[in-house]
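Trainee:
Protein chains: 2
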Amino acid sequence: MPNASAISNSPLIAATVRETQQLVRAQKQAGKRVGLVPTMGALHAGHLSLVKRSQSECDFTVVSIFVNPKQFSPAEDFAKYPRNLEADVAQLAVLGVPLVFAPEASEMYPPGFGTSVELNGLAEPWEGALRPGHFRGVATVVMKLFQIAPADRAYFGRKDYQQALAVRRMVADLNLPIEIVVCPTVRDADGLALSSRNVYLTAEQRQHALVLPRSLQFAREMFDAGERNAAKICEAMRRMITNEPDVQMDYATVADAETLAELNHIETSAVALVAAHVGQTRLIDNELFGPSERN
Amino acid sequence: MPNASAISNSPLIAATVRETQQLVRAQKQAGKRVGLVPTMGALHAGHLSLVKRSQSECDFTVVSIFVNPKQFSPAEDFAKYPRNLEADVAQLAVLGVPLVFAPEASEMYPPGFGTSVELNGLAEPWEGALRPGHFRGVATVVMKLFQIAPADRAYFGRKDYQQALAVRRMVADLNLPIEIVVCPTVRDADGLALSSRNVYLTAEQRQHALVLPRSLQFAREMFDAGERNAAKICEAMRRMITNEPDVQMDYATVADAETLAELNHIETSAVALVAAHVGQTRLIDNELFGPSERN
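Chains A and B, in that order, are what the protein sequence lines are. Quick note on numbering: my numbering labels position 286 of the first sequence as 286, and the sequence is numbered without any gaps. Quick note on numbering: my numbering labels position 68 of the second sequence as 363, and the sequence is numbered without any gaps.
1. So, is the C-beta of residue 314 (chain B) closer than 7 Å to a C-beta in chain A?
2. Can you look up residue 360 (chain B) in the DSSP assignment and give me helix, strand or coil?
3. Taking Cβ positions, are residue 456 (chain B) and residue 348 (chain B) nearer each other than 7 Å?
4. Given that residue 148 (chain A) touches chain B, what residues does it touch there, using C-beta distances under 8 Å?
5. Mind checking residue 375 (chain B): buried by the 16 CB within 10 Å criterion, or exposed?
6. For the stretch 238-249 of chain A against the stretch 204-217 of chain A, are there 3 or more C-beta pairs whose distance is under 8 Å?
7. Three-state secondary structure (DSSP) at residue 411 (chain B)?
8. Does residue 426 (chain B) pass the burial test, meaning 16 or more other C-beta atoms within 10 Å, or should it be called exposed?
9. From this set, A:22, A:187 and A:16, which residue's C-alpha is nearest residue 44 (chain A)'s C-alpha?
10. Taking the alpha carbon of residue 591 (chain B) as the point to measure from, which residue in B:563, B:580, B:524 and B:575 has its own alpha carbon closest?
11. Establish whether the CB of residue 331 (chain B) and some CB of chain A are separated by less than 7 Å.
12. In the DSSP output, which residue or residues are listed as bridge partners for residue 155 (chain A)?
13. Could you run through the stretch 424-439 of chain B and flag, in chain order, every residue whose CB is less than 7 Å away from some CB of chain A?
14. DSSP beta-bridge partners for residue 548 (chain B)?
15. Less than 7 Å between CB atoms is the rule here; does residue 415 (chain B) satisfy it with respect to chain A?
16. Do the stretch 111-126 of chain A and the stretch 377-391 of chain B touch if we need at least three Cβ pairs shorter than 8 Å?
17. What residue range does the alpha helix (DSSP H) around residue 430 (chain B) cover?
18. Could you tell me if residue 169 (chain A) is buried or exposed, where buried requires 16 or more neighbouring beta carbons within 10 angstroms of its beta carbon?
19. Can you tell me where the alpha helix (DSSP H) with residue 242 (chain A) in it begins and where it stops?
20. Kindly confirm or deny that the stretch 519-528 of chain B and the stretch 483-495 of chain B touch, where touching means at least three C-beta pairs closer than 8 Å.
21. Would the beta-carbon of residue 330 (chain B) fall within 7 Å of that of residue 424 (chain B)?
22. Alpha carbon to alpha carbon, how far is residue 62 (chain A) from residue 32 (chain A)? Give it in angstroms, no decimals.
23. For the stretch 449-470 of chain B, list every residue whose C-beta sits within 8 Å of some C-beta in chain A, in sequence order.
24. According to DSSP, which residues form a beta bridge with residue 38 (chain A)?
25. Measure the C-alpha to C-alpha separation of residue 197 (chain A) and residue 571 (chain B) and round it to an integer number of angstroms.
26. Are the beta-carbon atoms of residue 305 (chain A) and residue 50 (chain A) separated by less than 7 Å?
27. Of all the alpha helix (DSSP H) runs that stay within the bounds of the stretch 482-532 of chain B, which reach a length of 4 or more residues?
28. In terms of residues, what are the limits of the alpha helix (DSSP H) holding residue 315 (chain B)?
29. For the alpha helix (DSSP H) holding residue 124 (chain A), just list the boundary residues, first then last.
30. In whole angstroms, what separates the C-alpha of residue 179 (chain A) from that of residue 364 (chain B)?
31. Using DSSP with H/G/I as helix, E/B as strand and the rest coil, what is residue 580 (chain B)?
32. Nearest-angstrom Cα distance between residue 398 (chain B) and residue 239 (chain A)?
33. Residues bridged to residue 248 (chain A) by DSSP?
34. Excluding five sequence neighbours on each side, which residues of the same chain lie with their C-beta closer than 6 Å to the C-beta of residue 199 (chain A)?
35. Taking the C-alpha atoms as reference points, what is the distance between residue 592 (chain B) and residue 256 (chain A)?
This is the structure we're talking about:
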């Protein structure tokens, strides 16, 4: 007898904007609370935690699976980004997700497409500086997804801290009628934050990659011990990361948790942000200090 | 006894995003079809024709009145743009409009605001080339208004031809659930297209400004007589406009009615677009040829 949790109905997989809009609007018109989990597929337990959170708060959960070309720069890993729709859908079926929106790029960006959403301020430092056009691509596709699947709430992971802040900024600035819920980072037993890109790592690279969560853990211990000199915390993180073999640090910083401006001194809340290449694989991670921890 | 049409109820004037969203959503939830007429105030018969069209097609019409600073460049007439909320509201009361959204700039663009909507392609030539940032400002505010007053249809005047096309492009690209209705240009008896900026003209300047509709009328007569050489039509319009005293031509062109690319030969549809300064006042006008005339 198969495991009971595997006998779920498969979700409906909608490939078109029109079908998805119709299905989601019908739910809203029936008074259902709709949750949206935007993903690029290659689902892991982090994504599934967002789905479960949505299911606990909403009546109807839509998961979008779309590897968005506009948020990759030409030098990045768009072509080799992991894709496995069948395995993704199987995981969502187990959770009982009723609707997956999985469009082709031509459905999202038909010929003549010429509109983008730009974010100033929050989207400029850190990931924005190192990945030109990345947040424009993110904001544009998220705006579209919010129109295609007009949910009451949308769920994002805190691992992509700057992305979550940028999406919240866009929602506030453009008066979008949706609530952004940011969920805790899910980690493997060794401490590495779950990421679809972790599959790129060799076993040896993975050991080196652990310097990222270790540096953040060290920063957290300094903060918990009373250290409020942000530069000292940064310096400790940077030393750990730059001393690790096969790891090229992009940045390690302690920034204001709301504005992302680099801090000299931690007053109330702060976020430690790290990004590095481990071999060819780019990884990011972060740790929140202070009152925002329970965001 | 006062004129019956003047005994209408005054519209509710909402100054906040929140109140407007609540009022419009309540209408939608009650199954009403909502129409939105976005304006910068200084209402004239052109605006009122949009309101009447909305009233003939929708159950509930919202008019927004907001002189949007983001669509003016520093050299333009933001500070002196005509404003008369009381007179505007009186005109809308006569028509029985129930809701006017009239926010302050600080309500639309609070501190920290940092999001904009960018349009490539359609927004680049003509007005886009001469008014850098103009269509970014238009697209951003229109996007916000569509979220603040989530209407089924929004009404724009064909006088601002490129703007209407750009808004349609944004709506299509971002999958916004709203229909854009473009209404015919309303003209004064002398032929000048109605514009809130016409009040800037002296009597003498107004006579000179008539070269714009006259040049378009001449272009129409050439087209109706069978002329399909777009360059010849352009040349005739340009000669008329440049020969007019006190008129500085910005452009006069015959362009594809959908892409706005300048045409050498008119195949099916085309639009003649003109823009000029008359004294310090910048005016635009246009004329559609071919099947798109009935748009």
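Beta carbons: idealized from backbone N, C-alpha and C, even for Gly. Since this is a predicted model, take the numbers as computed values, not measurements.
Mentor: A quick look at the data gives this:
1. no
2. strand
3. no
4. 470
5. exposed
6. yes
7. strand
8. buried
9. A:187
10. Since the displayed chain B opens at 296 and closes at 590, residue 591 (chain B) lies outside it and no answer follows.
11. no
12. A:181
13. Answer set for the stretch 424-439 of chain B: 438 and 439.
14. Residue 548 (chain B) is bridged to B:568.
15. yes
16. no
17. 429-443
18. buried
19. 230-242
20. Contact between the stretch 519-528 of chain B and the stretch 483-495 of chain B is absent, because fewer than three Cβ pairs lie under 8 Å.
21. The Cβ atoms of residue 330 (chain B) and residue 424 (chain B) do not sit closer than 7 Å to each other.
22. 12 Å
23. 464, 465, 468, 469 and 470
24. A:64
25. 55 Å
26. Nothing about residue 305 (chain A) can be read from this structure; chain A reaches only from 1 to 295.
27. 498-504 and 506-519
28. 312-324
29. It is not in any alpha helix (DSSP H) - residue 124 (chain A) carries neither H nor E in the DSSP assignment.
30. 28 Å
31. Here residue 580 (chain B) sits in strand by DSSP.
32. Residue 239 (chain A) has its alpha-carbon roughly 51 Å from the corresponding atom of residue 398 (chain B).
33. Residue 248 (chain A) has A:277 as its beta-bridge partners, per DSSP.
34. Excluding residues within five positions, the ones whose Cβ falls inside 6 Å are 82.
35. Outside the modelled stretch of chain B, which goes from 296 to 590, sits residue 592 (chain B), for which no answer is possible.
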